[in-house]
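Asker: For the record, the sequence lines run as chains A and B.
For the record, in the first sequence the residue sitting at position 281 is 281 according to the working numbering, with numbers rising by one throughout.
For the record, in the second sequence the residue sitting at position 101 is 1101 according to the working numbering, with numbers rising by one throughout.
Glycine residues also receive a C-beta, built at the ideal position from the N, C-alpha and C atoms.
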Amino acid sequence: MNPAAWIEAAFTSARPQAIAALLRYFRDLDVAEEAFQDACLRALKSWPQNGAPRDPTAWIIFVGRNAAIDAIRRRRKLEQLPPEETLSDLEDAESKLAEQLDSADYRDDLLRLLFVCCHPELPAPQQIALALRVVSGLSVRQIARAFLVSEAAMEQRITRAKNRIGAGTVPFDTPSPAERTQRLGVVATMIYLLFNEGYSGTGESAGLRTQLCEEAIRLGRLLLRLFPSEPEMMGLTALLLLQHARAKARLDAQGEIVLLEEQDRGLWDGTLIAEGLALIDKAVRHRRPGPYQVQAAIAALHSRAAGSRDTDWAEIDLLYATLERLQPSPVVTLNRSVAVAKTEGPGAALALIEPLEPRLSEYFHFHGARGAYLHQLGRDEEAREAFQRAVALAGSAAEAAHIRLHLDGLVKDRVPSTPAGESAK
Amino acid sequence: MLYAILCYNSEDLVYSWPKEHEDATMGRLSMVQQKLATAGRLGPVARLMPTTTATTLRKDSEPALVIDGPFAETKEQLLGFYVVECTGLEQALETARELGNANPGGAYEIRPIALLNPAGPGFNSWSAQR
Chain A
1 MNPAAWIEAA FTSARPQAIA ALLRYFRDLD VAEEAFQDAC LRALKSWPQN GAPRDPTAWI
61 IFVGRNAAID AIRRRRKLEQ LPPEETLSDL EDAESKLAEQ LDSADYRDDL LRLLFVCCHP
121 ELPAPQQIAL ALRVVSGLSV RQIARAFLVS EAAMEQRITR AKNRIGAGTV PFDTPSPAER
181 TQRLGVVATM IYLLFNEGYS GTGESAGLRT QLCEEAIRLG RLLLRLFPSE PEMMGLTALL
241 LLQHARAKAR LDAQGEIVLL EEQDRGLWDG TLIAEGLALI DKAVRHRRPG PYQVQAAIAA
301 LHSRAAGSRD TDWAEIDLLY ATLERLQPSP VVTLNRSVAV AKTEGPGAAL ALIEPLEPRL
361 SEYFHFHGAR GAYLHQLGRD EEAREAFQRA VALAGSAAEA AHIRLHLDGL VKDRVPSTPA
421 GESAK
Chain B
1001 MLYAILCYNS EDLVYSWPKE HEDATMGRLS MVQQKLATAG RLGPVARLMP TTTATTLRKD
1061 SEPALVIDGP FAETKEQLLG FYVVECTGLE QALETARELG NANPGGAYEI RPIALLNPAG
1121 PGFNSWSAQR
């Protein structure tokens, strides 16, 4: 047994709740982080000697809080003129600590911490970077590498994000049920974006980005444990699990994208799929459908099918229609067209997406899908133009390489035909 | 006598294990299980999905109440169990210690089994596991 590994895991698992509780006491992210850091340093000395505490998270909160109060008192002696309210505030917190440690406050603490990272003035990449640094405890170096930016740039981004969420704007009142639901929604979006950030990684950065997906799943499970009856949290966690289950099959040895239809389904992670399906089962019982649940249900249909031909495309089409109602967006319609192409043929799919052109003209996937349908219809000249536009808009080398394969295909088989297995009307 | 060894640990902690630690732990546990199996003492072994997948049916009200989440909100959660044939409590404790050496942290509850129904006809453990 490697005790260092155990202690590291204890720190990782304690971090979200410990920082959240320390933020409530000190109302300052930097102080909370320093207090946590301080407690971890003490734990590294104490635990190997005295044995691990029964509740490492509570230990870290107690020790971190005391260390930070000590530091503030020492500073007070040096500075002579103390900010009086700060101190009375602290003593108040101290007396309440014992009963609060086990109470439902924990839940609001953690939600508050995540919500603070989702400050509306912060652009999404900054929200994600801040959450990874503060909540997950990833190093600036790790985050920088995952985002393909320099360490200095990421350091600056995180500092700027912290400055932006000034102490005054952090909501410390206990939220009302409506506020709680609203915060949960904002946080869910951030977790979803964090996952997508990891999911869109290809090539050399793919391995690093997997960590972002795992972190998103960890946060999803954590929130779901605190809010066990929220069907959308079940849906979100299920969606992430089902998507991540395909991670090993999604990229080939060169780090290039393998389309769902061409993936080796034997590489899909059955354990993650089973967990995702179990969560969807639970969510459906609530009869309160939402966008995450519907997307998870779509992912589940793919997971259940042995291959593209066994996939229930008609049901997927229906689910996308539901999603269009719940969350109208041209991207949802674009995704729906894939199912329509399977059930009604490429002509119907093309008719569905043509009206989206003005809004999606700068969107890589729009031109990729349009090119594919045109090719299936034998309109190769137009298909070539669409693919070329897609290449120009590709966000990563892998995306561009994928479309180039289509272009090569156009050159190779000059005789256009509807590929076998496609049910053209 | 048959014993159930119920595994409790902090779910947060176990799910924060780095992959190498998880693999090493599972490797050590499977060695202990191998030994028990060779001695013909190992019954069913189960690892439960995270408590987020749990649903509780409170049947003390009418109608019974369905609640999301595990039955008990505790710092350590029931994460799995073993069924092992033991000569008595001493051997059961000995077995639990061996498993504990392979996987320190948390706790095992050792409970003698009063009745164990073997699987019913047509039960396919593989499909049940999927």
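For D408 of chain A, which of A:A392, A:A397, A:L393, A:Q388 has the nearest alpha-carbon?
Answerer: As a first step, residue 408 of chain A is located in the first sequence; it is residue number 408 there, counting from the start. Ranking the options by Cα distance to D408 of chain A, first place goes to A:Q388.
Asker: Which partner residues does E1098 of chain B have in the DSSP bridge list?
Answerer: Walking along the second sequence from the start, residue 1098 of chain B turns up at place 98. E1098 of chain B pairs with nothing; no bridge assigned.
Asker: G368 of chain A by DSSP, collapsed to three states: which one?
Answerer: Here the question's residue 368 of chain A lines up with position 368 in the first sequence. The answer is helix: DSSP assigns G368 of chain A an H, G or I state.
Asker: Whose C-beta lies closer than 7 Å to the C-beta of R74 of chain A among residues of the same chain, with five residues either side of it excluded?
Answerer: On the first sequence, residue 74 of chain A is found 74 positions in, with the first residue counted as 1. Hits under 7 Å: none found.
Asker: With a threshold of 7 Å on Cβ separation, who are the neighbours of E1011 of chain B within its own chain once the five nearest residues in sequence on each side are excluded?
Answerer: Position 11 of the second sequence, counted from the start, is the residue given in the question as residue 1011 of chain B. If we look at E1011 of chain B and ignore the five residues flanking it on each side, its Cβ neighbours are P1050, T1051, Q1077, L1079.
Asker: Write down the C-beta distance between T1056 of chain B and F1071 of chain B rounded to the nearest angstrom, noting that I regard them as a contact closer than 8 Å.
Answerer: By 1-based counting over the second sequence, the position of residue 1056 of chain B is 56. By 1-based counting over the second sequence, the position of residue 1071 of chain B is 71. That pair is a contact at about 5 Å.
Asker: In terms of residues, what are the limits of the alpha helix (DSSP H) holding R1111 of chain B?
Answerer: Stepping through the second sequence from its first residue, residue 1111 of chain B is reached at position 111. It is not in any alpha helix (DSSP H) - R1111 of chain B instead sits in the beta strand (DSSP E) that spans 1107 to 1112.
Asker: Applying a beta-carbon distance threshold of less than 7 Å, which residues of chain A neighbour D1068 of chain B?
Answerer: Here the question's residue 1068 of chain B lines up with position 68 in the second sequence. Result: P228, S229, K282.
Asker: Measuring only the C-alpha atoms, how far is G307 of chain A from E197 of chain A?
Answerer: As a working mapping, residue 307 of chain A is identified with position 307 in the first sequence. As a working mapping, residue 197 of chain A is identified with position 197 in the first sequence. Those two C-alpha atoms are separated by around 27 Å.
Asker: Whole angstroms are fine: how far does the CA of R145 of chain A sit from the CA of A20 of chain A?
Answerer: The residue labelled residue 20 of chain A in the question sits at position 20 within the first sequence. The residue labelled residue 145 of chain A in the question sits at position 145 within the first sequence. Using only the alpha carbons, I get a separation of about 26 Å.
Asker: Would you kindly check if the distance between the Cβ of I1110 of chain B and the Cβ of I1005 of chain B is under 8 Å?
Answerer: By 1-based counting over the second sequence, the position of residue 1005 of chain B is 5. By 1-based counting over the second sequence, the position of residue 1110 of chain B is 110. Result yes, Cβ atoms of I1005 of chain B and I1110 of chain B sit closer than 8 Å.
Asker: Please list, in chain order, the chain A residues whose beta carbon lies closer than 8 Å to that of K1059 of chain B.
Answerer: Walking along the second sequence from the start, residue 1059 of chain B turns up at place 59. The contacting residues do not exist; K1059 of chain B stays about 17 Å from chain A at best.
Asker: Around the C-beta of E381 of chain A, are 16 or more other C-beta atoms found within 10 angstroms, so that it is buried, or is it exposed?
Answerer: By one-based count along the first sequence, residue 381 of chain A stands at place 381. Per the 10 Å Cβ criterion, exposed.
Asker: Taking its Cβ as the centre, do 16 or more other Cβ atoms sit within 10 Å of E275 of chain A, making it buried, or is it exposed?
Answerer: Translated into positions along the first sequence, residue 275 of chain A becomes position 275. Classification for E275 of chain A: buried.
Asker: Just how far apart, CA to CA, sit D102 of chain A and S303 of chain A?
Answerer: Locating residue 102 of chain A in the first sequence gives position 102, counting from the first residue. Locating residue 303 of chain A in the first sequence gives position 303, counting from the first residue. Low local confidence applies: a pLDDT of 49 at D102 of chain A is under 50, so the model's placement there is unreliable, and no value is given.
Asker: Thinking C-beta only, is M154 of chain A closer than 8 Å to I165 of chain A?
Answerer: Translated into the one-based positions of the first sequence, residue 165 of chain A becomes position 165. Translated into the one-based positions of the first sequence, residue 154 of chain A becomes position 154. No; because the gap between Cβ atoms is not below 8 Å, this pair is not in contact.
Asker: Do you know how far the Cα of Y363 of chain A is from the Cα of A400 of chain A?
Answerer: As a first step, residue 400 of chain A is located in the first sequence; it is residue number 400 there, counting from the start. As a first step, residue 363 of chain A is located in the first sequence; it is residue number 363 there, counting from the start. Going by the C-alpha atoms only, they are around 13 Å apart.
Asker: Between the C-alpha atoms of L360 of chain A and A394 of chain A, what's the straight-line distance to the nearest angstrom?
Answerer: On the first sequence, residue 360 of chain A is found 360 positions in, with the first residue counted as 1. On the first sequence, residue 394 of chain A is found 394 positions in, with the first residue counted as 1. If you take the alpha carbons of L360 of chain A and A394 of chain A, they lie about 14 Å apart.
Asker: In the structure shown, what three-state DSSP assignment does A245 of chain A receive?
Answerer: For the purposes of this step, residue 245 of chain A is taken as the residue at position 245 of the first sequence. Coil.
Asker: Cα separation between A300 of chain A and V340 of chain A?
Answerer: In the first sequence, the residue the question calls residue 300 of chain A occupies position 300. In the first sequence, the residue the question calls residue 340 of chain A occupies position 340. A300 of chain A and V340 of chain A: Cα-Cα distance of roughly 18 Å.
Asker: What is the DSSP secondary structure of I353 of chain A, counted as helix, strand or coil?
Answerer: Residue mapping note: residue 353 of chain A aligns to position 353 of the first sequence, counting from 1. Correct three-state label for I353 of chain A: helix.
Asker: Using only the alpha-carbon positions, how far apart do T237 of chain A and F227 of chain A sit?
Answerer: In the first sequence, counting from the first residue as 1, residue 237 of chain A sits at position 237. In the first sequence, counting from the first residue as 1, residue 227 of chain A sits at position 227. Whole-angstrom Cα-Cα distance: 12 Å.
Asker: Is the separation between the beta-carbon of W6 of chain A and that of G1105 of chain B shorter than 8 Å?
Answerer: Working through the first sequence from its first residue, we reach residue 6 of chain A at position 6. Working through the second sequence from its first residue, we reach residue 1105 of chain B at position 105. The answer is yes: Cβ separation under 8 Å.
Asker: May I ask you to list, following chain order, the residues of the stretch 376 to 391 of chain A that have a beta carbon less than 8 Å from some beta carbon of chain B?
Answerer: Those residues of the stretch 376 to 391 of chain A that come within reach of chain B (Cβ to Cβ, closer than 8 Å) do not exist; the list is empty.
Asker: Quick one, are the C-beta atoms of E434 of chain A and R336 of chain A less than 8 Å apart?
Answerer: Beyond the ends of chain A as shown, which are 1 and 425, falls residue 434 of chain A; an answer cannot be given.
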